[in-house]
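Let me begin by presenting the structure, written as structure tokens, before commenting on it.
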Amino acid sequence: LGNDFELFKTYYNINSFGKWEGEHYVLIRNKPDAEIMEEFDISEETLHQKKDSWRSKLLNYRNKRAKPRLDDKTQTSWNALMLKGYVDAYKTFGTKKYLDAAIKNATFIAEQQIQNDGALLHIYKDGKSSINGYLEDYAAVIDAYIALYEATLNDKWIHLAKELTEYTYSHFFDPESSMFYFTSDEDEALVARNFEYRDNVIPASNSIMAKNLYILGHHFDEPKYGETSTQMLKNVLPEIEQYPSGFSNWLDLLANHQNKFYEVVVVGEDAHEKVAEINKNYLPNILVAGDTKKSDAYLLQERYFEGETFIYVCVNNACRLPVTETEKALTFIK
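Take the sequence shown: its letters are residues 1201 to 1534, numbered as in the numbering used here.
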């Protein structure tokens, strides 16, 4: 940069303010251009010319360095987190493109990442799926599929969630601890298989599974799911008391145990419209189930009446009298 270095140093804080570590600096600004121009007695045009020159020289120098390797693989768990985000956005805003993206992603996972034996693969790259899925993959996909069902009422997704759950019981579950290992018993044997249960930037795979089992237990009237979820929560309660900020997702589950948890069931021709109205509300202590036609699903049995759309608000399948207006149904939820 030659004679321009003093100007460059001041402009981008090559000093203690911009120092990161060692001899490395972050090019960060804290002065407006006008102040710099006055300090160095230069015009705006001159400053812009110098900045363009600096960028060109720095780019040429950077291009001499070895470029970082490109990581362009897709991870199942991360895609499932995005899928759930799209569903939540659709439920809140009603924007169809969000739902379309969620369905497209969910279909990709179902068709490409779920194998014929029910296993889920972790990576997709260059048209090929590979690496046995970890618990985080199963937990995130199950969670996303439950959410997608509750937004679309397409029972394909809730049944896929149940199938993946059964696979985790067969290949990840430890009956002694009632927790799920992070790796499958189909993987190469490790010195020790570990349990991931402390929530971090992303919720722990066991905390997601515990919530999944709690919800699926209600949807399918499956005692095993509820019992496992409850025991998992009991396992971490001593640590929650000591370090609650490390167990935020577990605390969400604990809140559902300590308060009423509602099953909101909508059955009839207008089920989709009424579910959409319900989903616009932030209701963390409910699940949603429904159909536009008669169904033998546990929560939907004997609740279809031709020509009517009824909303049932229940706690442990003990229900209030059905209503037809979402506003009325929402008053039952506390």
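C-beta: ideal position from N, C-alpha, C; glycine also.
{"Check": "Where does residue 1468 fall in DSSP's three states?", "Outcome": "strand"}
{"Check": "With residue 1509 as the anchor, note down where its beta strand (DSSP E) starts and where it stops.", "Outcome": "1509-1515"}
{"Check": "Just checking my contact of residue 1279 with residue 1309 at CB under 8 angstroms: how many whole Å lie between their CB atoms?", "Outcome": "7 angstroms"}
{"Check": "Would residue 1333 be called buried (16 or more neighbouring beta carbons within 10 Å of its own) or exposed?", "Outcome": "buried"}
{"Check": "My guess is that residue 1436 and residue 1397 are in contact by the Cβ rule of under 8 angstroms, so how many angstroms apart are they, rounded?", "Outcome": "6 angstroms"}
{"Check": "Can you tell which of 1431, 1285 and 1403 has the C-alpha that lies nearest to the C-alpha of residue 1414?", "Outcome": "1431"}
{"Check": "Measuring straight from C-alpha to C-alpha, what distance separates residue 1225 and residue 1209?", "Outcome": "10 angstroms"}
{"Check": "Please report how far the alpha carbon of residue 1203 lies from the alpha carbon of residue 1250, in whole angstroms.", "Outcome": "11 angstroms"}
{"Check": "Pick helix, strand or coil for residue 1490, following the three-state DSSP scheme.", "Outcome": "strand"}
{"Check": "For residue 1501, count the other beta carbons within 10 Å of its own beta carbon; 16 or more makes it buried, fewer makes it exposed. Which is it?", "Outcome": "exposed"}
{"Check": "At 4 residues or longer, what runs of the alpha helix (DSSP H) sit wholly inside the segment 1341-1420?", "Outcome": "1355-1371 and 1405-1420"}
{"Check": "Taking all protein chains shown into account, decide if residue 1365 is buried (16 or more other Cβ within 10 angstroms of its Cβ) or exposed.", "Outcome": "buried"}
{"Check": "List the residues that DSSP assigns as beta-bridge partners of residue 1274.", "Outcome": "1324"}
{"Check": "Whose C-beta lies closer than 8 angstroms to the C-beta of residue 1515 among residues of the same chain, with five residues either side of it excluded?", "Outcome": "1460, 1461, 1462 and 1463"}
{"Check": "List, from N- to C-terminal side, the alpha helix (DSSP H) runs of 4 residues or more that fit wholly inside the segment 1232-1271.", "Outcome": "1233-1240 and 1244-1262"}
{"Check": "Which same chain residues end up closer than 6 angstroms to residue 1492 when comparing Cβ atoms and leaving out the 5 residues on each side of it in sequence?", "Outcome": "1469 and 1471"}
{"Check": "From residue 1440 to residue 1446, what does the alpha carbon distance come to, in whole angstroms?", "Outcome": "7 angstroms"}
{"Check": "Assess, as a yes-or-no matter, whether the segment 1358-1376 is touched by the segment 1502-1511 under the definition of 3 or more beta carbon pairs within less than 8 angstroms.", "Outcome": "no"}
{"Check": "By how many angstroms is the C-alpha of residue 1466 removed from the C-alpha of residue 1271?", "Outcome": "44 angstroms"}
{"Check": "Quick one: grab the DSSP three-state call for residue 1479.", "Outcome": "helix"}
{"Check": "Give me, in chain order, the residues of the same chain whose beta-carbon lies closer than 8 angstroms to that of residue 1184; leave out the 5 immediate sequence neighbours on both sides.", "Outcome": "The chain is shown from 1201 up to 1534; residue 1184 falls before or after that span and cannot be answered."}
{"Check": "To test your reading of the DSSP string, which unbroken beta strand (DSSP E) runs of 3 or more residues are found completely within the segment 1285-1332?", "Outcome": "1321-1325 and 1328-1332"}
{"Check": "Terminal residues of the continuous beta strand (DSSP E) containing residue 1221?", "Outcome": "1219-1221"}
{"Check": "On the DSSP letters alone, give me the boundaries of the alpha helix (DSSP H) that residue 1431 sits inside.", "Outcome": "1423-1442"}
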